[in-house]
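Numbering (full-length UniProt numbering), first residue to last: 1 to 212. In this text, a Cβ means the ideal position worked out from N, Cα and C, and glycines have one as well.
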Ligand code: TYD
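Below is the structure:
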């Protein structure tokens, strides 16, 4: 792989999607060739798999089936979109990748990080990201951002949401402990401008240290 593969991870409400687009713009301004993508990334087969995962009528879906389907969609997006871009020497910025499955399915849904890691290793082979930017945010703050226009009092569902977010955050922490060399953590509770600056610096550093 000739390019640079960077993934963005974190709970919902951390702002990673906005920052990813801005980071891609900045890199393009500086003359780099960039693929900004997200799973399932507009890949027809991966979109179809995603529809099965998210279909409201599929309430009988077993958590392991869900994890396998995420891994299958990931494989297709990787093969059709990410791998060719890396072979062309591009910088690939991908919104969510293997670590989302490890934190959400492996830890928060209780399947086990090792179990979910092994099916994902089958799916992606050795195509791990060079670096992963983790957007750290307090679960309550993340939920506040998601519900920014919603001034209702906290109800049972919001509390469930908070419990799940806390599990996701703990899951990511476990994953970071396993792959400390790959992760760069940014404090996502700061303003967009501050977070953006930190992310640009992380990418600049990666460009200097990882051969393109
Ligand atoms: P999405 O609408 O893409 O939201 P976000 O902007 O937060 O990325 O929804 C992604 C949801 O799917 C999010 O709740 C995380 C979840 N997810 C998993 O549970 N496992 C995975 O492997 C991936 C890629 C996503």
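C-beta atoms of residue i and residue j nearer than 9 Å
{"i": "residue 174", "j": "residue 124", "result": "no"}
{"i": "residue 213", "j": "residue 99", "result": "Missing from the structure shown is residue 213; the chain here goes from 1 to 212 and no further."}
{"i": "residue 66", "j": "residue 109", "result": "yes"}
{"i": "residue 13", "j": "residue 143", "result": "yes"}
{"i": "residue 16", "j": "residue 188", "result": "yes"}
{"i": "residue 127", "j": "residue 83", "result": "yes"}
{"i": "residue 136", "j": "residue 186", "result": "yes"}
{"i": "residue 111", "j": "residue 140", "result": "no"}
Cα-Cα separation between residue i and residue j, rounded to whole angstroms
{"i": "residue 115", "j": "residue 106", "result": "7 Å"}
{"i": "residue 62", "j": "residue 201", "result": "41 Å"}
{"i": "residue 209", "j": "residue 190", "result": "27 Å"}
{"i": "residue 28", "j": "residue 60", "result": "44 Å"}
{"i": "residue 32", "j": "residue 96", "result": "22 Å"}
{"i": "residue 193", "j": "residue 19", "result": "9 Å"}
{"i": "residue 24", "j": "residue 102", "result": "25 Å"}
{"i": "residue 195", "j": "residue 145", "result": "15 Å"}
{"i": "residue 207", "j": "residue 165", "result": "32 Å"}
{"i": "residue 77", "j": "residue 52", "result": "16 Å"}
Candidates the options, of which the one nearest residue i by Cα
{"i": "residue 41", "options": "79, 31, 18", "result": "79"}
{"i": "residue 182", "options": "5, 130, 2", "result": "130"}
{"i": "residue 73", "options": "26, 119, 84, 87", "result": "119"}
{"i": "residue 117", "options": "207, 185, 179", "result": "179"}
{"i": "residue 5", "options": "75, 133, 22, 111", "result": "133"}
{"i": "residue 69", "options": "140, 158, 77, 50", "result": "50"}
{"i": "residue 85", "options": "34, 184, 198, 140", "result": "34"}
Check: residue i C-beta below 8 Å from any heavy atom of the ligand TYD
{"i": "residue 158", "result": "no"}
{"i": "residue 114", "result": "no"}
{"i": "residue 97", "result": "yes"}
{"i": "residue 38", "result": "yes"}
{"i": "residue 12", "result": "yes"}
{"i": "residue 134", "result": "no"}
{"i": "residue 75", "result": "no"}
{"i": "residue 107", "result": "no"}
{"i": "residue 7", "result": "no"}
{"i": "residue 215", "result": "Residue 215 lies beyond the stretch modelled for the chain, which goes from 1 to 212, so this question has no answer here."}
{"i": "residue 100", "result": "yes"}
{"i": "residue 172", "result": "no"}
Any chance the stretch 42-55 sits against the stretch 91-98, with 3 or more Cβ pairs inside 8 Å?
Too few Cβ pairs lie closer than 8 Å, so no.
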